[in-house]
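Colleague: 1 is the number of the first residue of the sequence shown in the UniProt record's numbering; add one for each residue after it. Take this structure, written in structure tokens, and hold onto it; I'll ask about it next.
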Amino acid sequence: MKPVKSGLDSISRYLRTKKEVGRRKIGLLVDGPNILRKEFDVNLEEIRDVLKDYGNIKIGRVFLNQYASDKLVEAIENHGLEPIICSSDVDVRLAVEGMELVYNPNIDTLAIVTRDADFKPLLNKANEHGKETIIFGVEPGFSTALKNSADYVILMDKNHMSGYDDEVEEEKIDVSEFEEYPEDEYEKSVEKT
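Put into structure tokens, the structure is as follows:
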């Protein structure tokens, strides 16, 4: 009687061919309250697809405040990401987790999805330690400081994603635009985020 040939050998051979040399090991952190809003229409699947073309997402976390709905948490889990519910400041928790990734030898690329300039020191520290940095952001309110601190910047809008080109001249700002949005009104809208 012949021994039954197991399919495990062929599966093992197949998986060995899938080892890809040179792909980046990515840590993805998403600033939920700042990005996952109806007005921005951010699609986590698109972000994952862009990053999968570049490397392998080893860690994927979405930081949420305590008011996040169960449906949102479920959707995040369905995208293969880990929801982190924060009872206090989401930015602080994301920054702490980001610093852990900076010192994690298994991660060589830090990708952050946010508009918030508070993460500029995290990007600087990641760059200082030889980590590649990618920022995904949306307008309005996408921090110029973040754009200038990251290795790669991806601007998302409702229809597509595009890279930020440093060669493009910044738009001139008309001072009259600021009269419509007094500083205290802007601060109130930021507090809601």
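Yeah, the Cβ is synthetic: ideal placement off N, Cα and C, and Gly gets one too. Quantities reported herein were computed from a predicted structural model and do not represent experimental measurements.
Mind pulling the beta strand (DSSP E) runs of 3 or more residues that sit fully within the stretch 34-94?
Modeller: You should have 55-65 and 82-86.
Colleague: Ignore the nearest five residues each way along the sequence and tell me which others in residue 59's own chain have a CB closer than 6 Å to its CB.
Modeller: Counting from one through the sequence shown, the residue named residue 59 turns up at place 59. Hits under 6 Å: 27.
Colleague: Can you tell me which of 77, 53, 57 and 56 puts its alpha carbon nearest to the alpha carbon of residue 64?
Modeller: Along the sequence shown, one-based indexing puts residue 64 at 64. Nearest option by C-alpha distance: 77.
Colleague: One question on the structure: do residue 79 and residue 48 come within less than 8 Å of each other, judged by their Cβ atoms?
Modeller: Position 79 of the sequence shown holds residue 79. Position 48 of the sequence shown holds residue 48. Closer than 8 Å, so yes.
Colleague: Buried or exposed for residue 92, going by 16 or more other Cβ atoms inside 10 Å?
Modeller: Position 92 of the sequence shown, counting from 1, holds the residue named residue 92. By the neighbour-count rule (16 or more Cβ atoms within 10 Å), residue 92 is not buried but exposed.
Colleague: Rank 99, 106 and 140 by C-alpha distance to the C-alpha of residue 120 and give the top, closest one.
Modeller: Here residue 120 refers to the residue found at position 120 of the sequence shown. Measuring from the Cα of residue 120, the nearest candidate turns out to be 99.
Colleague: How big is the Cα-Cα spacing for residue 149 and residue 44?
Modeller: Taking the sequence shown and counting its residues from 1, the one referred to as residue 149 is at position 149. Taking the sequence shown and counting its residues from 1, the one referred to as residue 44 is at position 44. Answer to the nearest angstrom: the Cα atoms are 23 Å apart.
Colleague: Using 8 Å as the threshold, is the C-beta distance between residue 146 and residue 154 below it?
Modeller: In the sequence shown, the residue the question calls residue 146 occupies position 146. In the sequence shown, the residue the question calls residue 154 occupies position 154. Contact: no.
Colleague: Can you tell me the Cβ-Cβ gap for residue 108 and residue 131, rounded? I've got them flagged as a contact below 8 Å.
Modeller: Indexing the sequence shown from 1 puts residue 108 at position 108. Indexing the sequence shown from 1 puts residue 131 at position 131. Yes, they are in contact, since the Cβ atoms of residue 108 and residue 131 sit about 6 Å apart, within 8 Å.
Colleague: From which residue to which residue does the beta strand (DSSP E) around residue 133 run?
Modeller: Residue 133 sits at position 133 when you count from the first residue of the sequence shown. Element bounds for residue 133: 132-138.
Colleague: Using DSSP with H/G/I as helix, E/B as strand and the rest coil, what is residue 198?
Modeller: No information on residue 198 is available, as it lies outside the stretch 1 to 193 that the chain covers here.
Colleague: Where does residue 150 fall in DSSP's three states?
Modeller: The sequence position of residue 150 within the sequence shown is 150, counting from 1. Of the three classes helix, strand and coil, the one that applies to residue 150 here is coil, per DSSP.
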